[in-house]
Amino acid sequence: MRVNAQYAPRFGPIRGYARTAMAEVSGCKVTEVQGDQALAFGVLDCD
710 MRVNAQYAPR FGPIRGYART AMAEVSGCKV TEVQGDQALA FGVLDCD
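Add 709 to a position in the sequence shown, counting from 1, and you land on the number used in the working numbering.
Here you go:
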């Protein structure tokens, strides 16, 4: 969930930030990021 106040961001850059954050927190590889500017979901590969 995006919590900053940046006005009208595009999902492209946010997708990259979300991927990095999910990988760092989970310790898994993020294979896909879906969602929109407000809420992103990641598909994790934790093998």
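Positions of the beta carbon are idealized from the N, C-alpha and C atoms, including for glycine.
Secondary structure of residue i, DSSP reduced to three states
i: Ala732; result: helix
i: Ala714; result: coil
i: Ala747; result: coil
Separation of residue j from residue i, as counted between CA atoms
i: Gly736; j: Tyr716; result: 30 Å
i: Arg724; j: Val734; result: 15 Å
i: Pro718; j: Asp756; result: 33 Å
i: Ala727; j: Val742; result: 8 Å
i: Gln746; j: Phe720; result: 5 Å
Proximal residues to residue i (C-beta, below 7 Å), its chain only, five neighbours per side dropped
i: Gly744; result: Phe750
i: Asp754; result: Cys737, Lys738 and Thr740
Chain-order list of residues whose beta-carbon lies under 6 Å from that of residue i (same chain, five-residue window excluded)
i: Val752; result: Thr740 and Glu741
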